[in-house]
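Only one structure is covered here, and it is reproduced in the block below.
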Amino acid sequence: MFLLQSQKKRNSILILSTVAALCFLALYTRNRAQSIDAIRTDYSSETPGRRVLKRGMALPDVIEMNLADIDEPFTENETPLFFHVPKSGGSSLKQYYGICMHLVTASQNGIVGHEQDEELQIVHIPPESQQRFVNVDVSTPEGLQRASYLGFGRANIAEVMFSPYLFKSAAVFEGPTYRGRAFGLFRDPVDREVSRFYYRRGAEHEVANANTYLPELNFITIAKYSLTSFWEGNAVVRMLADCKEGQKPRSEDLELAMEIVRRKVLVGLMDRMEESIAIFDQYFGFAPGLDFDEQWFMECKFNKALGGGANRNFNKKTVDPESDTYKNIARRNRYDRELYSYVVHLFETRKQLERVDMSHGSGRVNGRVYVVPNDAENAPPFMFGEEVNEDSGEEDYGLNK
Numbered sequence: 000m001f002l003l004q005s006q007k008k009r010n011s012i013l014i015l016s017t018v019a020a021l022c023f024l025a026l027y028t029r030n031r032a033q034s035i036d037a038i039r040t041d042y043s044s045e046t047p048g049r050r051v052l053k054r055g056m057a058l059p060d061v062i063e064m065n066l067a068d069i070d071e072p073f074t075e076n077e078t079p080l081f082f083h084v085p086k087s088g089g090s091s092l093k094q095y096y097g098i099c100m101h102l103v104t105a106s107q108n109g110i111v112g113h114e115q116d117e118e119l120q121i122v123h124i125p126p127e128s129q130q131r132f133v134n135v136d137v138s139t140p141e142g143l144q145r146a147s148y149l150g151f152g153r154a155n156i157a158e159v160m161f162s163p164y165l166f167k168s169a170a171v172f173e174g175p176t177y178r179g180r181a182f183g184l185f186r187d188p189v190d191r192e193v194s195r196f197y198y199r200r201g202a203e204h205e206v207a208n209a210n211t212y213l214p215e216l217n218f219i220t221i222a223k224y225s226l227t228s229f230w231e232g233n234a235v236v237r238m239l240a241d242c243k244e245g246q247k248p249r250s251e252d253l254e255l256a257m258e259i260v261r262r263k264v265l266v267g268l269m270d271r272m273e274e275s276i277a278i279f280d281q282y283f284g285f286a287p288g289l290d291f292d293e294q295w296f297m298e299c300k301f302n303k304a305l306g307g308g309a310n311r312n313f314n315k316k317t318v319d320p321e322s323d324t325y326k327n328i329a330r331r332n333r334y335d336r337e338l339y340s341y342v343v344h345l346f347e348t349r350k351q352l353e354r355v356d357m358s359h360g361s362g363r364v365n366g367r368v369y370v371v372p373n374d375a376e377n378a379p380p381f382m383f384g385e386e387v388n389e390d391s392g393e394e395d396y397g398l399n400k
């Protein structure tokens, strides 16, 4: 009898333990789903024009401290930082701002012939050129380290900086006094990878970069390429989340990338280049000098940016969305595609976001004083694009080999 009672007691404890474990698992799964939805469902198409961009996860210190939020007032010690995603229009923007606008740029160009310089300076390359560069290379981790050593982050010497390394670029600055303010162009991930395949076939001018110029790709089709190890998917999420080389991104990395672009990156779209450039110029106050020739400027803008720009593939190829090739590329860019959908949403809802005027304390937007809200739901309506007008296309750096 005693043994039978003990057995019943053990069975009861086992049943109660199992029920408790199942309840905990259900609660954890529900909360986990909610934590993801806190970022992903805020761009549901059910309420266009009044979507609420919820605040999400905490950002790494280097991003939080050294990059300004895009909706906070400008300060004097900020450097515009262009987050350069390969094959997404960045090279065209580089020429537009450097040649057409005559801005002092920091990229990889200024280092040519100045590798041994021991102090920062503005240089012309080639010497007879009107283009002005800072004598650093911010397109590589090593170059960014050297730029930091020379004091680039606190020098306010560049009018715009171009780099594919957001985290390492942010580390150059010394926030909160000296910060970067980020913007970038984004492109449909499948179109980007198809373009990159054909670019890598013929990029003989980048022969020194073994991860970019791959003449062997001339002997395989895009269909075979989509199945090879020549490339890794989800390049943009890996760049934004600072994933290590060869590290596959996780859902947490996607969430981090979404939160970074929501708060820290003014986004543009490559296939809406003209509109994106107008937003960038207005937001940062970029403008050509007072003595510029308007006709020359418009021709330069068209030739360098709107007409295709640098590193363009003259024979643009596309892939049938119903093909296995398209599906293979899309599958390997699952997180990038989700991020791109979110970027498109942000682009639409932010089109009325203008430059915050530094001369008015907390800033002025559309003639109204603007203070960064503690609650995103109380943000002024211009952040949400209530009157969206629907009327209104480089270097690889060896990334994503």
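Heads up: the sequence shown begins at 0 in numbering that gives the first Met the number 0, then just goes up one per residue. Ideal Cβ placement from N, Cα and C applies to all residues, glycine included. It should be emphasised that the depicted structure is a prediction, and the values quoted were computed from it without experimental measurement.
Test item: CB-CB of M56 and E258 under 8 Å
M56 is a Cβ neighbour of E258, given a cutoff of 8 Å.
Can you tell me which of the three DSSP states F124 falls into?
The amino acid at residue 124 is misidentified as Phe; the sequence shows Ile. Of the three classes helix, strand and coil, the one that applies to I124 here is coil, per DSSP.
Can you find the residues in the same chain that come closer than 7 Å, C-beta to C-beta, to H113, ignoring five residues on each side of it along the sequence?
V122 and N134, listed in sequence order.
So what does G288 bridge to, in DSSP terms?
Answer is none; G288 lacks a bridge partner.
Taking 8 Å as the threshold, find out whether the region 94-103 comes into contact with the region 157-174 through three or more Cβ pairs.
yes
Could you give the residue range of the alpha helix (DSSP H) that holds A146?
P140 to Y148
Mind checking who R178 pairs with in its DSSP beta bridge?
E77
Below 8 Å, can you find three or more Cβ-Cβ pairs linking the region 137-154 to the region 215-229?
no
Can you give me the start and stop residues for the beta strand (DSSP E) that M160 sits inside?
Unbroken beta strand (DSSP E) run through M160: V159 to S162.
So, for L345: in the same chain, excluding its five sequence neighbours on each side, which residues have a beta-carbon less than 6 Å away from its beta-carbon?
So the list reads V266, once near-sequence residues are dropped.
Integer-rounded CB distance, given that E173 should sit under 8 Å from R153
5 Å
Helix, strand or coil: how does DSSP classify D131 here?
The sequence shown places Arg at residue 131, rather than the Asp named in the question. Here R131 sits in strand by DSSP.
By DSSP, does S358 sit in helix, in strand, or in coil?
Here the model assigns S358 a pLDDT of 35, short of 50, so the residue's position is not dependable, and the following value carries that caveat. It is helical.
Taking C-beta to C-beta, are F279 and F182 nearer than 8 Å?
At a Cβ-Cβ threshold of 8 Å, F279 and F182 count as neighbours.
Are the beta-carbon atoms of L119 and F151 separated by less than 8 Å?
yes
Taking 6 Å as the limit between beta carbons, can you name the residues of its chain near A404, skipping five residues before and five after?
Given a span of 0 to 400 for the chain in the structure shown, any question on residue 404 remains unanswerable.
Looking only at its own chain, which residues have a Cβ that is under 6 Å from the Cβ of D68, when we skip the five neighbours before and after it?
So the list reads R262, once near-sequence residues are dropped.
With DSSP run on the structure shown, which of helix, strand or coil describes V342?
In the structure shown, V342 falls within a helical segment according to DSSP collapsed to helix, strand and coil.
Buried or exposed for T317, going by 16 or more other Cβ atoms inside 10 Å?
exposed
Cβ pair R180, E77 closer than 8 Å
yes
Can you tell me whether A256 is helix, strand or coil according to DSSP?
helix
Taking the alpha helix (DSSP H) that T324 belongs to, which residues open and close that run?
D323 to R331
Quick test of your reading: Y339 and P188, contact by CB under 8 Å. State the CB separation rounded to the nearest angstrom.
6 Å
Secondary structure at L305, three-state DSSP: helix, strand or coil?
Looking at L305 - three-state DSSP - the assignment turns out to be helix.
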